[in-house]
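Remarks on the structure that follows.
In the numbering used here, the protein residues as written are 7 to 223.
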């Protein structure tokens with residue numbers, strides 16, 4: 007019988023079809039796993055970026071206030087809910103009170119604002135603010151807020167919220183023996199460092215900013 011030019015019409019066997027389907031399943035599973043991994047990584051990166059932006063936005067008023075500080079207080083402020091109990095100079099690590107001067111013509115000490123930022127043991131950064139304005143011949147105080155939350159979820163542990171540097175770039179150690187408060191009140195740079203857990207089981211996000219205190223001279 008002449009078989010030249012005839013096609014093989016036998017098709018695939020059941021074994022061949024089974025093997026082909028198994029290979030397609032393996033490839034599909036690998037591809038699906040890869041896509042899930044890429045999606046998870048992208049989602050995590052997006053969440054981290056959004057969290058970092060939220061942290062920076064929340065801390066922006068604090069960093070702006072610190073840059074405008076004209077003097078840093080030498081003692082814990084009275085009637086404050088923003089600072090943990092303690093004493094200076096060790097207290098400078100997580101609490102700072104300073105004055106922002108806004109001198110007017112003929113008035114060198116008023117108007118002004120006295121601001122306190124502190125990290126409480128509950129992991130919340132809080133702020134107190136009192137504004138002073140000239141009324142007649144007096145400088146009248148107005149308490150704007152006390153203990154106002156700035157940022158929650160702070161998990162600094164042993165990392166201080168504030169670190170201080172002198173005019174030569176030397177870091178001041180609040181725990182050093184014999185360290186006086188004077189060096190901190192004359193600091194020219196304050197480093198703000200926070201570690202925030204923005205959601206449960208999420209990794210900590212770190213934020214650091216060095217602030218030059220141009221007016222604290």
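From the three backbone atoms N, C-alpha and C, an ideal C-beta is built for every residue, glycine too.
For residue i, which option in the options has the closest C-alpha, if you only look at C-alpha atoms?
i	options	result
residue 222	171, 206, 34, 62	171
residue 163	134, 142, 130	130
residue 153	86, 63, 21, 74	86
residue 92	107, 78, 59, 127	127
residue 124	109, 218, 169, 137	169
residue 206	159, 191, 214	159
residue 142	214, 116, 32, 100	116
residue 79	151, 94, 90	94
residue 208	122, 58, 96, 88	58
residue 75	25, 187, 102	102
residue 144	122, 156, 121, 114	114
residue 194	64, 21, 77, 32	77
Whole angstroms is fine: what's the gap from residue i's alpha carbon to residue j's?
i	j	result
residue 23	residue 29	10 Å
residue 173	residue 197	14 Å
residue 148	residue 139	8 Å
residue 66	residue 185	30 Å
residue 68	residue 215	11 Å
residue 98	residue 56	30 Å
residue 166	residue 34	50 Å
residue 150	residue 183	37 Å
residue 137	residue 71	13 Å
residue 161	residue 107	32 Å
residue 217	residue 109	22 Å
residue 199	residue 220	20 Å
residue 134	residue 146	17 Å
residue 42	residue 61	28 Å
According to DSSP, simplified to helix, strand and coil, what is residue i?
i	result
residue 194	coil
residue 70	helix
residue 121	strand
residue 77	strand
residue 167	coil
residue 174	coil
residue 186	coil
residue 105	strand
Use the C-beta contact count for residue i: other C-beta atoms within 10 angstroms, 16 or more gives buried, fewer gives exposed.
i	result
residue 118	buried
residue 181	exposed
residue 37	exposed
residue 105	buried
Could you spell out the range, first to last residue, of the beta strand (DSSP E) harbouring residue i?
i	result
residue 213	211 to 218
residue 163	Neither: residue 163 is in no beta strand (DSSP E) and is coded neither H nor E.
residue 115	Note, residue 115: premise wrong, no beta strand (DSSP E); not H, not E.
residue 145	144 to 157
residue 96	Premise fails: residue 96 is in no beta strand (DSSP E) and is neither H nor E.
residue 265	No statement about residue 265 is possible, as the shown extent of the chain runs from 7 to 223 and does not include it.
residue 138	131 to 141
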